[in-house]
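Position in the sequence shown (first residue = 1) + 348 = the numbering used here.
Don't be surprised by glycine CBs; every beta carbon is placed ideally from N, CA and C.
The structure presented is a predicted model; accordingly, all values stated were derived computationally and were not measured.
In what follows, a single structure is set out as structure tokens and then discussed.
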Amino acid sequence: MPEQIRLKVGGVDPKQLAVYEEFARNVPGFLPTNDLSQPTGFLAQPMKQAWATDDVAQIYDKCITELEQHLHAIPPTLAMNPQAQALRSLLEVVVLSRNSRDAIAALGLLQKAVEGLLDATSGADADLLLRYRECHLLVLKALQDGRAYGSPWCNKQITRCLIECRDEYKYNVEAVELLIRNHLVNMQQYDLHLAQSMENGLNYMAVAFAMQLVKILLVDERSVAHITEAYLFHTIETLMRINAHSRGNAPEGLPQLMEVVRSNYETMIDRAHGGPNFMMHSGISQASEYDDPPGLREKAEYLLREWVNLYHSAAAGRDSTKAFSAFVGQMHQQGILKTDDLITRFFHLCTEMCVEISYRAQAEQQHNPAANPTMIRAKCYHNLDVFVRLIALLVKHSGEATNTVTKINLLNKVLGIVVGVLLQDHDVRQSEFQQLPYHRIFIMLLLELNAPEHVLETINFQTLTAFCNTFHILRPTKAPGFVYAWLELISHRIFIARMLAHTPQQKGTLRVLLVLLHDFPEFLCDYHYGFCDVIPPNCIQLRNLILSAFPRNMRLPDPFTPNLKVDMLSEINVAPRILTNFTGVMPPQFKKDLDSYLKTRSPVTFLSDLRSNLQVSNEPGNRYNLQLINALVLYVGTQAIAHIHNKGSTPSMSTITHSAHMDIFQNLAVDLDTEGRYLFLNAIANQLRYPNSHTHYFSCTMLYLFAEANTEAIQEQITRVLLERLIVNRPHPWGLLITFIELIKNPAFKFWNHEFVHCAPEIEKLFQSVAQCCMGQKQAQQVMEGTGAS
349 MPEQIRLKVG GVDPKQLAVY EEFARNVPGF LPTNDLSQPT GFLAQPMKQA WATDDVAQIY
409 DKCITELEQH LHAIPPTLAM NPQAQALRSL LEVVVLSRNS RDAIAALGLL QKAVEGLLDA
469 TSGADADLLL RYRECHLLVL KALQDGRAYG SPWCNKQITR CLIECRDEYK YNVEAVELLI
529 RNHLVNMQQY DLHLAQSMEN GLNYMAVAFA MQLVKILLVD ERSVAHITEA YLFHTIETLM
589 RINAHSRGNA PEGLPQLMEV VRSNYETMID RAHGGPNFMM HSGISQASEY DDPPGLREKA
649 EYLLREWVNL YHSAAAGRDS TKAFSAFVGQ MHQQGILKTD DLITRFFHLC TEMCVEISYR
709 AQAEQQHNPA ANPTMIRAKC YHNLDVFVRL IALLVKHSGE ATNTVTKINL LNKVLGIVVG
769 VLLQDHDVRQ SEFQQLPYHR IFIMLLLELN APEHVLETIN FQTLTAFCNT FHILRPTKAP
829 GFVYAWLELI SHRIFIARML AHTPQQKGTL RVLLVLLHDF PEFLCDYHYG FCDVIPPNCI
889 QLRNLILSAF PRNMRLPDPF TPNLKVDMLS EINVAPRILT NFTGVMPPQF KKDLDSYLKT
949 RSPVTFLSDL RSNLQVSNEP GNRYNLQLIN ALVLYVGTQA IAHIHNKGST PSMSTITHSA
1009 HMDIFQNLAV DLDTEGRYLF LNAIANQLRY PNSHTHYFSC TMLYLFAEAN TEAIQEQITR
1069 VLLERLIVNR PHPWGLLITF IELIKNPAFK FWNHEFVHCA PEIEKLFQSV AQCCMGQKQA
1129 QQVMEGTGAS
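Right, here's the structure in full:
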């Protein structure tokens, strides 16, 4: 192994950081005090403790003089204005405080000045309003003077006033921004209060105020220079959480505000510690902001060429470690490893050169269509893959063997550089942008850094996080020209496998499907069969999410509408689009016999052989071919709908009977055991979706099987399949709701007379509860009483 390379890539000495944090904790007023109920500073001292007389007198006298000047400047026509009178009252309190010069008087003056400032309204005379605010700030700055109580005490008490004042005062955003601009607020303390006061979105006034404040301080030309995202850490975090959990009902403007703030916020989180996000964003910015020193490009080009030659000549690349040792010596000779900045610029130049080689190779193919595409790609990869190998080796051998921080910082810096080059290239070339070189760099680096080596396993989670951040930055909304490569990267088997391995208790599948349900419902509609075919039977809520999707141009009828006529809906005769080849799983002979039976009801043994054709083992829980059952149910249903339409009818309880299609379904309901029947009924329930011909047919089929069942066990199992999909969290598929409502409401099915409804008090209560949710308490009670329910 080569000697470890000691690269200082943006690291922070933990000892220095610990000293700084300890220092910060002991500086009065630097960090917030959690307990606001106890007096602090001078309030904790004897009530009449005096200040140094001369200092206090000078401060107050100067304040009084300036206030009197402001009062004399007010025009006589405005002398009786409420704000003018408030200024005279303020002057009187300043005089009283000067004479007493104790902490209680000073605190009273401070509270009056803060509340007066918060009470200022923009409806008053503009010049008087400006003078009014200046006078109140003048008083607060006088109290803040270091020769008196001092900045920490004053800022803490001003912040306390802001926190404890009445709601009609505390949400004056102009006044609060003025206090912050003049360094009069303890931002750590105020940030915590503001985050808590939003009550996770329940306090609308606080949320609106926080949004305004963040926009003014951090977005609108960043008007307060000393305020960064770090000062409003908890406020921004709470706003982001409210936005994320809003389910499309976020306060107006919040999503856009959070999108603007997010990038700086994420960088801020790691900035103090020189963390990975900061290193990545640093790499992105350095990909475009720096000018290269004279001669560096030539050095980088020479070194890259040397590395490519060394790598390919060292036993055809197999002995890359030996080549790497030799190359590190050359990097030292050229001075590349002297500083962080030179290392950064070297990677930036190498990335640009590899990308440019790729562009030239692809241009060659455009000018010579007869050129072999495989050879062109090989020419691109000749340099790209070797460059990636160099990055991987530098990451592995940087710092001490156990120093993961240096390795991860280097990786994030390099990824940031590649991202920066990509984004700049994307903006400049636009429609001429090529994804190939960047896709190759990321995919090869992902493979290199996930090799089964101990040193890489120790940083595996941090490596995965780095790639997650990279892919997030390059998301389609930011780099639309990179979208196809991006999709390949996030769906790569290595990336997906690592993601699942590191997040076993944090399944995001439901969240992903919720996004699809909200933004791309047609996708779930078109591929619902394929999803349901692979989702385990016990993942009920997951399946409900998919089956609840409906086209965006459709308005769902309210399933709880009394006397809803489903067969009269205009959409009910339209077949849904299914883009999955569901008949592909059917064995050829089985498909041939099935088609024959549907047309001629022969061979006569088809029904008797059906269970054995579906059963694959005797092992409980795995007896049946689930995919074949799903395909059989949907195929027979679609053929039945076509058959009914050909006769000029529509599916109903009467038109679906006395057919080969219903023979198959009734045979399955009777002949299958409990396990097989459960899978069969679930296959039917999977088609109970938005209003369409499939939903209508399978709803009628489910109800018909219930009505015609020869045992109560079948009826109980039908009820179970419907009920277990309704007792989970919403959303619930429209077709499922109308089917269950019809079952429990229509006296023809005698639902409430069945023994399984009343087998135990808790079961009966469950049915009653679901009925009330579906029909309302009054109607449910009438239905249950009208059919003999106890």
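Please check if any C-beta of chain C sits within less than 7 Å of the C-beta of residue i.
| i | result |
| --- | --- |
| ILE407 | The chain labelled as chain C is not found in the depicted structure, where only one protein chain is given. |
What residue from the options has the CA that sits closest to residue i's CA?
| i | options | result |
| --- | --- | --- |
| LEU658 | ASN1058, GLY677, PRO642 | GLY677 |
| LEU741 | PRO905, SER673, ASN720 | SER673 |
| PRO951 | PHE819, ASP450, ASP941 | ASP941 |
| MET1001 | LEU457, ALA1055, PHE1013 | ALA1055 |
| ARG479 | HIS1102, HIS541, ASN429, LEU794 | ASN429 |
| LEU770 | VAL443, ALA556, VAL567, GLU700 | GLU700 |
| LEU835 | HIS820, LEU848, ARG846 | HIS820 |
| GLU1112 | MET1132, LYS1126, ALA1096, GLU440 | MET1132 |
| ASN817 | ASN1058, HIS730, PRO1081, LYS761 | LYS761 |
| LEU526 | LEU486, ALA833, ALA990, SER997 | LEU486 |
| THR811 | VAL933, ALA827, LEU793, LYS826 | LEU793 |
| VAL831 | VAL981, LEU465, ASN808, HIS787 | HIS787 |
| SER997 | ILE564, LEU1027, TYR1045 | TYR1045 |
Once you ignore the five residues that flank residue i on each side, which residues in its own chain have a CB closer than 7 Å to its CB?
| i | result |
| --- | --- |
| PHE694 | ALA648, ILE684 |
| VAL922 | ASN1040, SER1041 |
| ALA1008 | TYR945, LEU946, ARG949 |
| GLY878 | THR928 |
| PHE781 | ASP773, HIS774, GLY829 |
| MET553 | ASP515, TYR519 |
| LEU476 | ILE422, LEU426, ASN429, GLN431, ALA432 |
| ALA719 | GLU712, GLN713 |
Distance, Cα to Cα, residue i vs residue j?
| i | j | result |
| --- | --- | --- |
| ILE705 | CYS728 | 7 Å |
| PRO1039 | ARG900 | 13 Å |
| ASN798 | GLU1060 | 57 Å |
| GLY1024 | SER918 | 35 Å |
| VAL753 | CYS483 | 52 Å |
| HIS593 | PRO603 | 11 Å |
| ARG925 | ASP867 | 18 Å |
| GLN975 | PRO599 | 45 Å |
| THR1067 | LEU1029 | 10 Å |
| HIS1106 | ASN551 | 45 Å |
| THR1043 | GLY985 | 10 Å |
| CYS1121 | PHE908 | 9 Å |
| SER896 | ASP1021 | 29 Å |
| PRO721 | THR857 | 38 Å |
| LEU419 | PHE581 | 41 Å |
| TYR983 | ARG595 | 36 Å |
| LEU848 | VAL1076 | 25 Å |
Where do the ends of the alpha helix (DSSP H) carrying residue i lie?
| i | result |
| --- | --- |
| PRO1079 | Careful: PRO1079 lies outside any alpha helix (DSSP H) and carries neither H nor E. |
| ASP733 | 721 to 745 |
| GLU516 | 515 to 518 |
| PRO785 | 784 to 796 |
| ASP941 | 936 to 948 |
| THR813 | 808 to 821 |
| MET588 | 581 to 592 |
| TYR972 | Taken as a continuous stretch (DSSP letters only), TYR972 belongs to no alpha helix (DSSP H), as it is neither H nor E. |
| GLU1056 | 1041 to 1056 |
| HIS541 | 535 to 545 |
| TYR480 | 474 to 492 |
| ASP568 | Counting along the chain, ASP568 falls outside any alpha helix (DSSP H), and DSSP gives it neither H nor E. |
| GLY1010 | The sequence shown places Met at residue 1010, rather than the Gly named in the question. From DSSP, the alpha helix (DSSP H) with MET1010 extends over 1008 to 1019. |
| ARG1139 | Lying outside 349 to 1138, the shown extent of the chain, residue 1139 is not represented and no answer is given. |
| ARG436 | 430 to 448 |
| ASN892 | 888 to 895 |
| ARG959 | 954 to 962 |
Quick one: what's got a C-beta closer than 6 Å to residue i's C-beta in the same chain, skipping five residues either side?
| i | result |
| --- | --- |
| ALA432 | ILE422, LEU426 |
| LEU488 | ALA461, LEU532 |
| MET588 | MET606 |
| ALA1057 | GLN1063 |
| GLN783 | PHE830, ALA833 |
Taking 8 Å as the limit between beta carbons, can you name the residues of its chain near residue i, skipping five residues before and five after?
| i | result |
| --- | --- |
| LEU1070 | ALA1033, MET1050, LEU1084, THR1087, PHE1088, LEU1091 |
| GLU1072 | ILE888 |
| GLU1064 | HIS1102, PHE1104 |
Unbroken stretches of the alpha helix (DSSP H), 4 residues or longer, contained in the region 672 to 712: none
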